[in-house]
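Per my numbering, the very first residue in the sequence shown carries number 1; after that it's consecutive. Idealized CB from N, CA, C, for every residue including glycine. This structure is a prediction, so every number in the text was calculated from the model and none was measured.
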Amino acid sequence: MEGRAHPKATELGPCCETQLSQPMPCAGSTGRTWGDPGSWEGSWLPGGCCYRMPSPGLEISADAIYRHVAEDVFAPRPETDIGLELEWITSLPQDRARRITLTEAEELTALSAELPAGSSLSIEPGGQLELATTPFESAAEVCDAAATDLFVLDQRCRARDVELIALGVDPLKAPQRIVVHPRYQAMEAYFAQSSAAGRTMMCNTASIQLNIGFGGRQNLSRRWHTAHLLGPFLIATFANSPFELGRPSGWVSTRMRTWWSVDSSRTAPPIRFGRDPVEVWADYALDARVMMVRASDTRYVPLGESMTFRQWLEHGHDLGWPTVDDFAYHLTTLFPPVRPRGWFELRVLDALPTPFWHIAVAVTTALLADADLEDALHRATSPSAGLWIDSARSGLAHPALQRTAADCFELAIESLQRNHADSATVALASRYLDHFIRRGRCPADDRLDAWRRDGRLHPPPESPLPLEEMESAWV
């Protein structure tokens with residue numbers, strides 16, 4: 001059953017990529033506030049005070065697009081800020097086949113104003129919940145904030161008999177959208193032209209998104225390339241979605257398989273090593289298909305024809321010619337593993353339970369932020385270079401990925417110790433290395449073992465613990 005029209009657009013999840021409750025700046029402006037809770041979210045208001053609909057005539061050139069990418073997408077931001085977005089599948093323990101309703105989900109997201117660490121809550125198209133922190137200066141701070149607010153959310157969910165399930169894909173329910181919004185409707189129609197994977201991606205997946213600053217101009221290119229080198233390793237090491245529609249899918253990260261199954265022009269990694277990230281990202285965006293054209297404030301038209309943004313720029317469309325604002329909006333419909341947006345969004349991690357998400361954040365941040373690791377990381381990731389599909393299918397059962405994972409974890413642990421990370425985080429990372437990586441396993445393997453033993457598809461619901469208690473409680 002499709003839900004009623006959504007009354008509070010500020011509670012829409014990032015698939016919507018908009019914050020409709022307040023005016024947003026025009027393309028090219030510097031009005032975005034890095035430290036605002038909504039600054040990790042989309043910045044382009046559909047039909048807002050500044051947005052300009054497609055033009056009746058040719059208005060911009062490819063040069064204007066490259067300038068926009070250089071001056072806005074890759075504009076300098078604070079060097080050290082880190083943000084985190086945690087998502088969960090919602091499940092009703094009395095009837096796991098039933099999807100949460102929009103009203104039930106809204107009762108949970110109404111808690112946003114009460115979260116002590118300032119995170120925001122939003123609803124994804126299928127009723128998944130997302131907790132998004134504000135930016136912090138360190139991985140430790142962002143994890144503390146997320147854990148603090150997760151504890152409050154967990155109590156609210158328990159009181160309403162809703163479970164937060166930390167899996168990358170709903171293991172049982174067929175995908176079904178509960179949130180009604182023009183963007184979601186157009187997105188679903190666009191993806192439906194090619195496969196059912198688009199609806200699954202929108203309604204049945206949950207992830208962890210780590211947002212990390214560019215580190216200044218001197219680190220931008222290094223972090224861009226390093227993030228792509230780490231992608232296959234991160235997918236394989238933290239894969240946690242082995243089920244779909246009540247049975248094993250044959251992949252340890254069914255979530256990433258789902259992403260690989262939708263329009264590759266907007267989901268494939270834009271890897272061209274040795275080239276300027278600005279040029280690479282601009283070319284990637286220009287060559288990606290246009291998903292939808294916003295013909296009015298409320299009319300989003302999904303495109304049936306295969307038209308790239310470059311073709312729209314060169315030849316126009318019956319609905320008009322693109323503006324810079326159209327390009328800025330087009331960028332919000334691109335979902336590669338690493339997306340620049342004034343910071344880098346890492347989108348490769350399946351949803352994970354406590355304390356695994358702490359480990360993923362600490363390790364990933366250490367490897368990206370520590371410039372001294374650059375040469376060692378190139379050596380460590382060499383065996384797994386380009387193994388994006390294998391990482392999602394086989395995880396650490398793939399020998400090259402296991403070798404890379406072991407080397408990268410050892411480098412991360414050394415960096416954490418060298419940079420005086422707390423002992424609990426170091427201990428958790430070391431234990432993860434021994435329990436999973438050295439045995440060629442990932443969290444999905446533990447879920448598969450449980451299913452083989454007793455047919456169980458759902459893990460225990462998320463239950464946050466104080467950091468000092470995690471080390472003895474997670475296995």
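Option in the options with minimal Cα separation from residue i
i: Ala-64; options: Leu-401, Arg-96 and Ala-282; result: Ala-282
i: Val-152; options: Glu-137, Leu-129 and Leu-111; result: Leu-111
i: Val-426; options: Gly-216, Ala-113, Arg-299 and Phe-356; result: Phe-356
i: Ala-140; options: Ile-359, Ala-268 and Glu-462; result: Ile-359
i: Thr-90; options: Gly-213, Phe-309 and Leu-167; result: Leu-167
i: Tyr-66; options: Leu-92, His-458, Phe-309 and Ala-366; result: Phe-309
i: Glu-59; options: Val-348, Asp-325 and Val-301; result: Asp-325
i: Arg-418; options: Leu-373, Glu-305 and Pro-399; result: Leu-373
i: Ser-261; options: Phe-335, Gly-231 and Leu-331; result: Phe-335
i: Ser-61; options: Phe-243, Ala-206 and Phe-327; result: Phe-327
i: Met-202; options: Pro-135, Glu-87 and His-315; result: Glu-87
i: Cys-157; options: Val-338, Leu-92 and Phe-238; result: Leu-92
i: Thr-200; options: Asp-149, Cys-143, Arg-247 and Thr-254; result: Thr-254
i: Phe-436; options: Leu-387, Phe-238 and Pro-270; result: Phe-238
i: Ile-208; options: Ser-384, Ala-197 and Ser-241; result: Ser-241
i: Glu-130; options: Phe-136, Ser-138 and Ser-119; result: Ser-119
i: Leu-349; options: Leu-303, Ala-227 and Pro-171; result: Ala-227
i: Thr-364; options: Lys-173, Gly-198, Leu-229 and Ala-70; result: Leu-229
i: Ser-194; options: Trp-451, Leu-303, Pro-248 and Val-69; result: Leu-303
i: Leu-164; options: Ile-100, Trp-224, Leu-115 and Pro-78; result: Ile-100
i: Pro-270; options: Val-338, Cys-143 and Phe-191; result: Val-338
i: Leu-84; options: Pro-182, Leu-352, His-330 and Gly-231; result: Leu-352
i: Trp-251; options: Cys-442, Arg-456 and Ala-113; result: Cys-442
i: Asp-72; options: Ser-430, Tyr-329, Leu-346 and Ser-264; result: Tyr-329
i: Phe-233; options: Asp-446, His-398 and Asp-422; result: His-398
i: Leu-433; options: Arg-456, Thr-404, Ala-450 and His-317; result: Thr-404
i: Thr-333; options: Ala-186, Glu-114 and Ala-147; result: Ala-186
i: Phe-451; options: Leu-331, Ile-235, Ala-206 and Pro-248; result: Rather than Phe, the amino acid found at residue 451 in this sequence is Trp. Here the closest residue by C-alpha is Pro-248.
i: Leu-396; options: Leu-428, Leu-416 and Asp-446; result: Asp-446
i: Val-290; options: Val-280, Ser-306, Asp-161 and Tyr-300; result: Ser-306
i: Val-162; options: Val-69, Arg-347, Gln-94 and Arg-77; result: Gln-94
i: Gly-440; options: Ala-400, Ala-429, His-420 and Leu-428; result: Ala-400
Per DSSP, the bridge partner or partners of residue i
i: Leu-303; result: Leu-303 is not bridged to any residue.
i: Leu-84; result: Leu-210
i: Asp-350; result: Ser-207
i: Pro-340; result: Phe-344
i: Leu-131; result: Leu-86 and Leu-121
i: Leu-164; result: Thr-90
i: Val-69; result: According to DSSP, Val-69 bridges with nothing at all.
i: Ser-241; result: Ser-253
i: Phe-436; result: Answer by DSSP bridge pairing: none, since Phe-436 is not bridged.
i: Phe-136; result: Ile-82
i: Val-169; result: Thr-205
Endpoints, beta strand (DSSP E) assigned at residue i
i: Ser-122; result: 120-123
Endpoints, alpha helix (DSSP H) assigned at residue i
i: Thr-365; result: 356-369
i: Glu-107; result: 102-109
i: Cys-157; result: 139-159
i: His-420; result: Where His-420 is concerned, there is no enclosing alpha helix (DSSP H), given that its DSSP letter is neither H nor E.
i: Phe-458; result: Strictly speaking, residue 458 in this sequence is His, with Phe absent from that position. His-458 -> no alpha helix (DSSP H), and no H or E assigned at all.
i: Ile-60; result: No alpha helix (DSSP H) contains Ile-60, which DSSP labels as neither H nor E.
i: Gly-378; result: According to the sequence as given, residue 378 is His; it is not Gly. His-378 -> alpha helix (DSSP H) spans 374-381.
i: Ala-397; result: First-last for Ala-397: undefined, no H or E at that position.
(message) For the structure I just gave you, are there three or more beta carbon pairs, one from the stretch 317-324 and one from the stretch 376-396, closer than 8 Å?
(response) Touching, no, given that fewer than three Cβ pairs across the two stretches are closer than 8 Å.
(message) Can you confirm whether the stretch 385-397 touches the stretch 94-113 when touching is taken to mean that 3 or more C-beta pairs between the two stretches lie within less than 8 Å?
(response) No, the stretch 94-113 is not in contact with the stretch 385-397.
(request) Could you tell me whether the stretch 173-187 touches the stretch 121-135, using the rule of 3 or more Cβ pairs below 8 Å? (result) Yes, since at least three Cβ pairs between the stretch 173-187 and the stretch 121-135 fall closer than 8 Å, the two stretches touch.
(request) Can you check the stretch 244-332 for any beta strand (DSSP E) of at least 3 residues that lies completely inside it and give the ranges in chain order? (result) The stretch 244-332 contains these whole beta strand (DSSP E) runs: 292-294 and 300-302.
(request) Report yes or no: do the stretch 287-296 and the stretch 365-377 share at least 3 C-beta pairs separated by less than 8 Å? (result) Judged by Cβ distances under 8 Å, the stretch 287-296 makes no contact with the stretch 365-377, as fewer than three pairs qualify.
(message) Between the stretch 265-276 and the stretch 406-423, can you find at least three pairs of beta-carbon atoms closer than 8 Å?
(response) No: fewer than three Cβ pairs fall under 8 Å.
(request) Flag this pair as touching only if the stretch 457-465 and the stretch 253-268 have three or more C-beta atom pairs under 8 Å; answer yes or no. (result) The stretch 457-465 vs the stretch 253-268: no contact.
(message) If contact is defined by three or more beta carbon pairs under 8 Å, each pair taking one atom from either stretch, is the stretch 204-219 in contact with the stretch 336-346?
(response) Between the stretch 336-346 and the stretch 204-219, the count of C-beta pairs closer than 8 Å reaches three or more; the two stretches touch.
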